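Protein chains: 2
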Amino acid sequence: MLLQKIPSLNQLVHELSRLPGIGPKTAQRLAYHILRSPNDFVQSLRDALKGVKERIHDCPLCYSFTEEESLCHFCNDPMRSTGMLCVVEDPADIERIESSGVFRGRYHVLHGAISPLDGIGPQDLKIQALLDRIAPETTTERVPVTEIILALDADLEGDTTVLYLAKILKDMNIKTSRIAHGVPIGGDIDYIDYRTLGRAIENRVQV
Amino acid sequence: MLLQKIPSLNQLVHELSRLPGIGPKTAQRLAYHILRSPNDFVQSLRDALKGVKERIHDCPLCYSFTEEESLCHFCNDPMRSTGMLCVVEDPADIERIESSGVFRGRYHVLHGAISPLDGIGPQDLKIQALLDRIAPETTTERVPVTEIILALDADLEGDTTVLYLAKILKDMNIKTSRIAHGVPIGGDIDYIDYRTLGRAIENRVQV
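Chains U and W are the protein sequences, given in the same order. For reference, each letter of the first sequence is one residue, going 45 to 251 in the numbering used here. For reference, each letter of the second sequence is one residue, going 45 to 251 in the numbering used here.
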């Protein structure tokens, strides 16, 4: 094979195929494209890779990604209600929630979910930071947090984390909710799995 | 949006989405993955990108990619017939032909195909180099090239290039053929377009 005879091309294919959703064939097509691209494109791609690792860090309050000196854009935004927190697993989830345009409060990123099978417990997540943020003794917020929306994934890890947090937050007298599960907008009931449909029926909304 | 507030993440998404087959959503998913990856993965990806541009160059005989000092692996291989050349558009095509295991001659890479609409003429391709390689006065091959297989794409540009080369090679008394068009192995005739099917009937093979 040609590829095996060109170690540096082979190496690039290997590195690219470590990215999620990039199989060996796609990696090969990308590598050949990169090889044919002008030097300045490759240079700007390399600079961009360096940039994200050097300039982006966690916001010390909500643990989302930011390039700001201290707090991130959302934590600094005076137009956002500080009394309402939306808890997500990853910073990328904020992007999705923002695109819905429905939520105008602040965020808190756990950086994962509780997963005993993978050895990930509450202490591996930003859960203590969340509790410090809402407890009256330790909070740095000007307005106390009164409501928390848990926007975690609808899988086993998300469910476990919701159960864990709900118990603690109930003891702290914080109004806690979880985003609804149900039939997606535009979804055809024929194609919805029975567990989603069961949940959609349980959580039916009066019309 | 979160992304717009983090310029270096936005920049990486922009660079990634310039790659073929990577849309804005995939670029975003990859960028978030890269941001969460360990530093040494990002460093090895950056090194691999640098490596392909620095170490790989065109083989001076067949114009495929190589890291060798002078001639590429195929041009240097004494087990390959030098009398037979397979002409391809891109180095990646060699990979595909090699995987068939049928061809054991040498290659010549044109680096594209004639495309008047894109302003690409014969002088922009490695066609003169091909003619120098086979003409008895200019060749550096020990054994003269007697047969050429044109393995160009089955599109307008490929067809144009085949017509152009066939005329010149005929005048040089070189046996020239083009790879066959027809129904792919495992292909269902119901799903084959009428032009391919027409070509398959024209080029029918006696059984």
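Note that beta-carbon positions come from the ideal geometry of N, C-alpha and C, so glycine has one too. These numbers come from a predicted model, not from an experiment.
Item	Value
Buried or exposed (CB count within 10 angstroms, at least 16 for buried), residue 108 of chain W	buried
Beta strand (DSSP E) runs contained entirely in the segment 170-199 of chain W, provided each spans 3 or more residues	191-195
Terminal residues of the beta strand (DSSP E) in which residue 219 of chain U lies	219-222
Own chain partners of residue 187 of chain U with C-beta closer than 6 Å, once the 5 adjacent residues on each side are dropped	126 and 127
Touching by the beta-carbon criterion (3+ pairs, under 8 Å), the segment 68-78 of chain U and the segment 60-68 of chain W	yes
Beta strand (DSSP E) runs contained entirely in the segment 117-168 of chain W, provided each spans 3 or more residues	128-132 and 150-153
Residue-chain proximity (residue 294 of chain U, chain W), Cβ-Cβ < 7 Å	In the structure as shown, chain U begins at 45 and stops at 251. Residue 294 of chain U is therefore absent and cannot be evaluated.
Chain-ordered residues of the segment 129-158 of chain W with a beta carbon less than 8 Å from chain U	134, 135, 136, 138, 139, 142 and 143
Bridge-paired residues (DSSP) for residue 110 of chain W	W/101
Integer-rounded CB distance, given that residue 129 of chain U should sit under 8 Å from residue 192 of chain U	5 Å
Residue 55 of chain W, enclosing alpha helix (DSSP H) - first and last residue	51-60
Cβ-based contacts, 7 Å cut-off: residues of the segment 89-105 of chain W near chain U	89, 90, 92, 93, 94, 95, 96, 97, 99 and 100
Residue 3 of chain U versus residue 124 of chain U: straight-line alpha-carbon distance, rounded	The structure shown does not extend to residue 3 of chain U, since chain U spans only 45 to 251, so no value can be given for it.
Proximity to residue 52 of chain W [Cα-Cα], best of U/197, U/184 and U/91	U/91
Buried or exposed (CB count within 10 angstroms, at least 16 for buried), residue 93 of chain W	buried
The segment 181-210 of chain W: positions lying closer than 8 Å to chain U by Cβ	none
Straight-line Cα distance separating residue 231 of chain U from residue 173 of chain W	58 Å
Residue-level contact to chain U via CB, residue 74 of chain W, 7 Å cutoff	yes
Separation of residue 104 of chain W from residue 185 of chain W, as counted between CA atoms	13 Å
Inter-residue Cα distance where the pair is residue 219 of chain W and residue 211 of chain W	11 Å
Cβ pair residue 141 of chain W, residue 147 of chain W closer than 7 Å	yes
Under 7 Å between C-beta atoms of residue 49 of chain W and residue 101 of chain U	no
Beta carbon proximity, residue 52 of chain U to chain W, threshold 7 Å	yes
Residue 57 of chain W and residue 75 of chain W closer than 7 Å at C-beta	yes
Helix, strand or coil at residue 202 of chain W according to DSSP, with G and I counted as helix	helix
Residue 170 of chain U at chain W interface by Cβ criterion, 7 Å	no
Neighbour flag for residue 113 of chain W against chain U, beta carbons, 7 Å	no
Below-7 Å beta-carbon distance, residue 120 of chain W vs any chain U residue	no
7 Å Cβ cutoff, residue 49 of chain U in contact with chain W	yes
Short CB-CB distance (under 7 Å) between residue 64 of chain U and chain W	yes
Within 7 Å, strictly: CB atoms of residue 225 of chain W and residue 198 of chain W	yes
Chain U contact residues for residue 78 of chain W, given Cβ-Cβ distances below 7 Å	93 and 96
Interface flag, residue 213 of chain U vs chain W, CB-CB below 7 Å	no
Residue 55 of chain W, buried or exposed, once every other Cβ within 10 Å from all chains shown has been counted against 16	buried
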